[in-house]
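Numbering (the UniProt record's numbering), first residue to last: 1 to 282.
What follows is a set of notes on a single structure, which appears directly below.
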Amino acid sequence: MELWYTEEQTEHVRLSLKVKEHLFSAKSDFQTVDVLDTYEYGRLMTIDGLVMVTEKDEFVYHDMIVHTAMAVNTNIKTALIIGGGDGGTAREIMKYKNIEHVDMVEIDKLVCDVSREFFPTISSELSNRRLSLYYEDGVAFMKNKENIYDLIIIDSTDPIGPGEGLFTTEFYSDCFKALTKDGILINQNESPVYDQFAKEAVRANQKLKKIFPIVKVYQAQIPTYPSGYWLFGFASKTLDPLKDLKAEDWNNLGLKTKYYNTDLHLGAFALPNYVKEKIENG
Ligand code: SAM
């Protein structure tokens, strides 16, 4: 009998992947985590029935959530990852020798444990000595932090369940305070195609604009996320992601990336008109 994983992406749209084997399922205090071995996308981790990472397309998301900021400020030394329990974001940041210290705050230890066991190529840097891993709520962790991080990456689940607080004005404002003078905040910003996600992307963008002087949106193609077209937010105190791109410096680092490059960086901020309109007009 054929086994299929089906995600209800919206009330009217589903994604189905043919599955070789259902490898793991467990429920934590926060959510249910599953691991499936699929034919096309390799191993897949879901949280509460929604795709988090697949072995085949995780590189797109993790490259774009990390290198876009690192190429705008090549002097980033301290970073904070909120969420990101699979470890892909930590893996990409650790490619930089300049990075002295990274704090990672993941609410659910189970996600890290599962990734260590089933996704060794994604979780490979979770034990790096430059990384401190805290199993705490990112919203509470951000309180009363001042001028500490050059970069904050919000690698969260959707704004439901434990991830909800990571999309609020109060939280973004705590992040602003915790950032250093040229600090950059990156957040995963949902898809512009289906209304329910687009609304969240617009709301998050409007909230960031109330707090940060520079707020831009950029895009990537991630096949297993709803619609396959995903947005990220770039918010900064001083740096513009296009004018301040240090293409030469970044290329001189000689890092190996599978998706990101500095030509693509420029294109990623060139949004289609319907996305621009949605973001500007709500
Ligand atoms: N790439 C993924 C996506 O966009 O679907 C996100 C991956 S990552 C696994 C998201 C992580 O955020 C989860 O492991 C979840 O436990 C964590 N998370 C959710 N709410 C959180 C909170 N309030 N504080 C810290 N981590 C949180």
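Ideal Cβ placement from N, Cα and C applies to all residues, glycine included.
- If you look at residue 206, you'll find it in the alpha helix (DSSP H) that goes 195 to 211.
- Judged by the Cβ position, residue 30 qualifies as a neighbour of the ligand SAM at the 7 Å threshold, a heavy atom of the ligand being closer than this.
- CA-to-CA, the gap between residue 195 and residue 64 works out to about 23 Å.
- Here the stretch 224 to 234 makes contact with the stretch 197 to 213; the two share three or more CB pairs at distances below 8 Å.
- Residue 259 and residue 137 have their C-alpha atoms some 30 Å from each other.
- Annotation: the continuous alpha helix (DSSP H) that includes residue 111 extends over 109 to 118.
- Between the ligand SAM and the CB of residue 106, the shortest heavy atom gap is smaller than 7 Å.
- According to DSSP, residue 43 shares a beta bridge with 37.
- In the structure shown, residue 220 falls within a strand segment according to DSSP collapsed to helix, strand and coil.
- The beta carbons of residue 76 and residue 150 sit closer together than 8 Å.
- In the displayed model, residue 70 falls within a helix according to three-state DSSP.
- Taking non-hydrogen atoms of the ligand SAM into account, the C-beta of residue 132 is found less than 7 Å away from none of them.
- In this structure, residue 162 has its beta carbon less than 7 Å from a heavy atom of the ligand SAM.
- Exclusion of the five residues before and after residue 251 leaves 262 as the residues of its chain whose Cβ lies within less than 7 Å of its Cβ.
- Between the ligand SAM and the CB of residue 52, the shortest heavy atom gap is smaller than 7 Å.
- Nearest neighbour of residue 165 by Cα position, chosen from 5, 139, 148 and 27, turns out to be 139.
- Your pair residue 24 and residue 107 does not check out as a contact, with CB atoms roughly 19 Å apart and the cut at 8 Å.
- Across the structure, residue 47 and residue 180 are spaced so that their CA atoms are roughly 33 Å apart.
- The stretch 229 to 259 is shown to contain whole alpha helix (DSSP H) runs of 4 or more residues at 247 to 252, in chain order.
- With a cutoff of 8 Å on beta-carbon distance, residue 169 and residue 210 are scored as near each other.
- Between residue 177 and residue 145, the CB-CB gap stays under 8 Å.
- Taking residue 197 as the centre and dropping the five residues before and after it, the same chain places the C-beta of 190, 191 and 226 closer than 7 Å to its C-beta, in chain order.
- Residue pairing by DSSP leaves residue 130 without any beta bridge partner.
- Taking the Cβ atoms as the reference, residue 270 lies roughly 13 Å from residue 220, outside the contact range of under 8 Å.
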